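A short write-up of the structure that comes next.
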Amino acid sequence: MTRDLEALRAEVRSWCEEHVPADWRERQTGVSEDEYVEFQQSWFQELRQVGWAVPHWPAEWGGGMSVPEQAVLYQELARADAPRLVLAFVGIHHAASTLLHAGTEEQRRRHLPAILDGEIWCQGFSEPDAGSDLAALSTSAVRTGDGYLVNGQKVWASGALHADWCLLLARTDPSAPKRKGISYFLMDMRTPGIDIRPVQQATGHSHFCEMFLDDVLVPAENLIGAEGEGWQVAQATLGAERGMTMLELAERLGFAALPWLVDLCRQPDWRGHRPIDDPAVRERLAGLEIEVAGLRSMCRRFVEESERGAEGPADASIVKLHYSELLQRLTGFGAEVAGVAGHQVLDKPISSGWESGAWVLDFISSWEWTIPGGASEIQRTIIGERGLGLPREPLPAKGTA
Amino acid sequence: MIIDLGDDAAEFGRVVRDALGSAGGDELVQRAEADPAGREALVGDLLGDLGLWELDVRGSGDELEAAVAACRSVGWWGIPASVPERLARPTDLDADALVVVGGPRPAAPVHGSSLRWVAVDLDGRRSTPTARPLPTTPRKAAMVAEVDLTPVDDLGVDDVLFGLLLPCWTLLGMLDRATALTVEYVQDRQQFGKPLAAFQAVQFQLTEAEVERAGVEELAKYATWSVATRRPDALADVLALRLAALEAADLGMRICHQLHGAIGFCDESTISWISRYSLPLRRLPLPVSGTRTELTRRAGRQGIAGLYA
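Note that the protein sequences, when read in sequence, are chains A and B.
FYI, this note's numbering numbers position 328 of the first sequence as 328, with every residue one higher than the one before it.
So the mapping is simple: this note's numbering equals the position in the second sequence, first residue as 1, plus 1000.
Below you can see the structure in the form of structure tokens.
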């Protein structure tokens, strides 16, 4: 039964007043990796104790909130400027949805409670030659005794340095058509043969990692879904990234990013002018408000429909494309309003959302959003082909698709 | 009005670009970042041997053209070695380099510099800048330090023109390079069994960036002529150039990053370095909205004459 939403709102709000550490932003700015991990773990456990760490999971596994309740929860967390669950993100979204969608009962029992206890996950999908064309991946998994021997290289494995487990795609049948020969594995990151190298990024961070796999033995019981059906399972996982996670992110735009932007526009500049008194600025703000309202409503409908298995074939792509480009427009406008002073903010807290209020840095990191989880070009192709039923792009040479 | 650079200037630009290429090319920006105090010396003698520091930037239209062509070539390699700033130095003060400053917390790319700097604001007030210590790494700051200003005089109206014009050419050089790198990348990078460049959706994004870049190139030549001939509108022309260059850089760098994918955000790709070192040029002394405001203020009610007056 759906709880009274206003009661829930009041409950979350007063909990946040007591529990969101007032100084978390300072404590998470310029910190070491260890301090970041420790803070994320302890914040996760605080939310878990009140049942708010994984509200989107089924009740039997520790979730069970309705979509409107989740929206209220995310709104209040955003309003209170609560830290985000950055480290647990892949575990509570991608790993969980993969396990719920395709895992055996035993796999679920092994991992879902462990994720609640703080097990960290990363994703081993992309490879140097398989980015947008993910199905071209060439990491191999060769059956041997009661396991698979994995060899290859993965890239852009965000957070791999801290991960306990990895969602891994590897090719088990090199002779099958490229989408048919892929299998999906749960890989223990403590297995010998895994070498992780962080990659230095333009933002100065290195959360992207390269992962080198050299004769890594993955037990057969860690295959998820049937051998050769990894592509279908991966679609479900990517679907989660594109769609379900957007509920929280869209509410953050509405209840953190946008109000902060309006506040910023109320601050007088050094000449004493307030941007908000400029009709052009007001018009931009109103335009963004309309877009954010539209996105929030779209996300909510999408999540409700996908819970019923009734979502449209391109809905997840529409939501992801809309969010990522809107985030860029919104943070770009923030950077513009913040002006030169905004450019002098050179650090932002590591546990914050994609909108942290450090507008210039937020704008730069928003550029990342139109690339992973299916670049905007891929989303547009999906919307054209599956959503609108347009003809497929001319296919490349035979045997490569 | 002649708005094409002379052959000599274009040739000089090529010579500078090749010389920097032979001296290290893309490694120069990396060396500059690793050793901020040595970043000016890194290319100073080399450019001096080519005669760059002897150019009569203020007095001769031809030599100004050679100077802007050199600034563009420095932008091609993205080297933060204070080259446009040295070329813009005032001739009536004993100084090595000029930077235009603005806003309540003036800042300039002077970290680690051993040059004698003069700062000028948009109204021509000149001062001596003293750099404050960086609150962060030179990498994150991209060599930009906040500066304290000790007033000198208010005779810098002419300085503003050169202090704004020359860095625009460096930014143009960075856009040239970003475009070239991306054209190369989308032809090399294969996905779905063909180069990215075979997808029209990829081509069209890149052409959009190119149209903007080409527009800046035209405006840059026009503004250079306007400054060389000290037209009454010259400051508005330079601000208009700056605005166009900033808008083209915002769009162009976005597109070049998008088409490079994740690799474009990593130090192993050149686009990441070029894009990072374009930031100080784009934000100082005024980012887009500030430049627009100044342009509106200067152009006033009569507007600017522009290219086809």
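Idealized CB from N, CA, C, for every residue including glycine.
Small disclaimer: the values here were computed from a predicted structure and weren't measured.
Beta-carbon neighbours of LEU346/A, restricted to chain B and to distances below 8 Å: On the first sequence, residue 346/A is found 346 positions in, with the first residue counted as 1. Under the 8 Å cutoff, chain B gives PRO1135, THR1136, LYS1140 and ALA1141.
Taking the Cβ atom as the reference point for each residue, do VAL1083/B and PRO1285/B lie within a distance shorter than 8 Å? Stepping through the second sequence from its first residue, residue 1083/B is reached at position 83. Stepping through the second sequence from its first residue, residue 1285/B is reached at position 285. No, these two residues do not count as a Cβ contact at 8 Å.
Taking just the CA atoms, how far does VAL37/A sit from GLU1033/B? If you number the second sequence from 1, residue 1033/B lands on position 33. If you number the first sequence from 1, residue 37/A lands on position 37. Distance between the alpha carbons of GLU1033/B and VAL37/A is about 30 Å.
Paired residues, beta bridge with ASN222/A - DSSP: Looking up residue 222/A in the first sequence gives position 222. DSSP output for ASN222/A lists no bridge partner at all.
Burial state of ARG392/A, where buried means 16 or more other Cβ atoms lie within 10 Å: In the first sequence, the residue the question calls residue 392/A occupies position 392. ARG392/A should be labelled exposed.
LEU5/A burial status per 10 Å Cβ neighbour count (16 or more: buried): Walking along the first sequence from the start, residue 5/A turns up at place 5. That one is exposed.
Please confirm if HIS1257/B has its CB atom under 8 Å from at least one CB of chain A. Along the second sequence, one-based indexing puts residue 1257/B at 257. Answer yes: the Cβ-Cβ gap between HIS1257/B and chain A drops below 8 Å somewhere.
Residue(s) in a DSSP beta bridge with LEU169/A: In the first sequence, the residue the question calls residue 169/A occupies position 169. DSSP lists TYR184/A as partners of LEU169/A.
So, using beta-carbon positions, are ALA1262/B and TRP354/A closer together than 8 Å? Taking the first residue of the second sequence as 1, we reach residue 1262/B at position 262. Taking the first residue of the first sequence as 1, we reach residue 354/A at position 354. It is not a contact, given that the beta carbons lie outside the stated cut-off.
Whole angstroms is fine: what's the gap from PRO192/A's alpha carbon to VAL216/A's? Numbered from its first residue, the first sequence carries residue 192/A at position 192. Numbered from its first residue, the first sequence carries residue 216/A at position 216. Between PRO192/A and VAL216/A, the C-alpha separation is close to 6 Å.
Check for me: the beta strand (DSSP E) holding SER324/A runs from which residue to which? Walking along the first sequence from the start, residue 324/A turns up at place 324. Careful: SER324/A lies outside any beta strand (DSSP E), inside the alpha helix (DSSP H) at 315-343.
CYS1071/B CB to nearest chain A CB: under 8 Å? By 1-based counting over the second sequence, the position of residue 1071/B is 71. For CYS1071/B, the answer is no, since every Cβ of chain A falls outside 8 Å of its Cβ.
Quick one, which residues of the segment 1266-1281 of chain B are near chain A if we go by CB-CB under 8 Å, in chain order? CYS1266, ASP1267, GLU1268, SER1272, SER1275, ARG1276 and LEU1279
Give me whichever residues DSSP pairs with LYS154/A in a beta bridge. Position 154 of the first sequence, counting from 1, holds the residue named residue 154/A. LYS154/A is bridged to MET211/A.
Check the Cβ of PRO174/A against every Cβ in chain B and list those closer than 8 Å, keeping chain order. Residue numbering aside, residue 174/A sits at position 174 when the first sequence is read from its first letter. Simply none; closest approach about 16 Å.
Since GLU227/A and THR172/A should fall inside the 8 Å C-beta cutoff, what is the C-beta to C-beta distance between them, to a whole number of angstroms? On the first sequence, residue 227/A is found 227 positions in, with the first residue counted as 1. On the first sequence, residue 172/A is found 172 positions in, with the first residue counted as 1. Right, the Cβ-Cβ distance comes to about 5 Å (below 8 Å), so this counts as a contact.
Closer than 8 Å to chain A by CB, LEU1206/B: In the second sequence, the residue the question calls residue 1206/B occupies position 206. Not an interface residue.
Looking at the strands, I want to know which residues DSSP matches up with ALA1145/B. In the second sequence, the residue the question calls residue 1145/B occupies position 145. ALA1108/B.
For ALA401/A, would you say it is in contact with chain B, using Cβ-to-Cβ distances shorter than 8 Å as the test? Residue numbering aside, residue 401/A sits at position 401 when the first sequence is read from its first letter. Only weak support is given to the placement of ALA401/A: the predicted model assigns it a pLDDT of 40, under 50, and the value that follows is read from those uncertain coordinates. Taking Cβ atoms only, chain B reaches closer than 8 Å to ALA401/A, which makes this a yes.
Enumerate in chain order the residues of its own chain whose CB-to-CB distance from SER1073/B is below 8 Å, with the five nearest sequence positions on each side excluded. In the second sequence, the residue the question calls residue 1073/B occupies position 73. Taken in chain order, the residues that qualify are GLY1013, ARG1014, VAL1016, ARG1017, LEU1020 and GLY1173.
Going straight from the alpha carbon of ASP195/A to that of ASN151/A, what length do you get? Position 195 of the first sequence holds residue 195/A. Position 151 of the first sequence holds residue 151/A. The alpha-carbon atoms of ASP195/A and ASN151/A are separated by roughly 11 Å.
Determine which residues of the segment 153-186 of chain A have a Cβ less than 9 Å from any Cβ of chain B, and write them out in chain order. VAL155 and TRP156
Do GLY1075/B and ARG1177/B come within 8 Å of each other at the CB atom, strictly closer than that value? Translated into positions along the second sequence, residue 1177/B becomes position 177. Translated into positions along the second sequence, residue 1075/B becomes position 75. For ARG1177/B and GLY1075/B, yes; Cβs fall inside 8 Å.
LEU165/A to GLU119/A span [Cα, whole Å]: By one-based count along the first sequence, residue 165/A stands at place 165. By one-based count along the first sequence, residue 119/A stands at place 119. According to the sequence as given, residue 165/A is Trp; it is not Leu. Answer to the nearest angstrom: the Cα atoms are 8 Å apart.
Pairwise C-alpha distance: ALA136/A and THR400/A: Translated into the one-based positions of the first sequence, residue 400/A becomes position 400. Translated into the one-based positions of the first sequence, residue 136/A becomes position 136. In this predicted model, THR400/A has a pLDDT of only 43, less than 50, meaning its place in the structure is not dependable enough to derive any value.
Sequence-distant residues of the same chain with beta carbon closer than 8 Å to ALA1236/B, five excluded per side: Mapped onto the second sequence, residue 1236/B falls at position 236. Closer than 8 Å at Cβ, skipping near neighbours: LEU1295, ARG1298, ALA1299 and ILE1304.
Quick one: does ILE92/A have its CB under 8 Å from some CB of chain B? Translated into positions along the first sequence, residue 92/A becomes position 92. It does not; no Cβ of chain B falls within 8 Å.
Looking at C-beta atoms only, is the number of pairs between the segment 1256-1270 of chain B and the segment 368-385 of chain A that lie closer than 8 Å three or more? yes
For PRO1135/B, does the count of other Cβ atoms within 10 angstroms reach 16, so buried, or fall short, so exposed? In the second sequence, counting from the first residue as 1, residue 1135/B sits at position 135. Exposed, by the Cβ-count rule.
Helix, strand or coil, according to DSSP, for THR400/A in the structure here? Position 400 of the first sequence, counted from the first residue, corresponds to residue 400/A. Per-residue confidence for THR400/A stands at a pLDDT of 43, beneath the threshold of 50, marking its modelled position as unreliable; the derived number appears in the next sentence. In the structure shown, THR400/A sits in coil (DSSP, three-state: anything other than H, G, I, E or B).
Please work out which residues of its chain come closer than 7 Å, Cβ to Cβ, to GLU251/A, disregarding the five sequence neighbours upstream and downstream, and give them in chain order. Residue numbering aside, residue 251/A sits at position 251 when the first sequence is read from its first letter. Answer for GLU251/A: ALA71, TYR74, GLN75, ALA78 and ARG296, listed in chain order.
For THR98/A: DSSP bridge partner residues: Counted from its first residue, the first sequence places residue 98/A at position 98. Its beta-bridge partners do not exist; DSSP assigns none.
Could you run through the segment 1288-1302 of chain B and flag, in chain order, every residue whose CB is less than 8 Å away from some CB of chain A? VAL1288, SER1289 and GLY1290
Where does PRO68/A fall in DSSP's three states? Position 68 of the first sequence, counted from the start, is the residue given in the question as residue 68/A. PRO68/A: helix per DSSP, three-state reduction.
Within 8 Å (strictly less), CB to CB, does LEU1286/B reach chain A? The residue labelled residue 1286/B in the question sits at position 286 within the second sequence. With 8 Å as the cut-off, LEU1286/B counts as an interface residue toward chain A.
Rounded to a whole number of angstroms, what is the C-alpha to C-alpha distance between ARG190/A and GLU221/A? Start at 1 with the first residue of the first sequence, and residue 190/A comes out as number 190. Start at 1 with the first residue of the first sequence, and residue 221/A comes out as number 221. One C-alpha to the other measures close to 16 Å.
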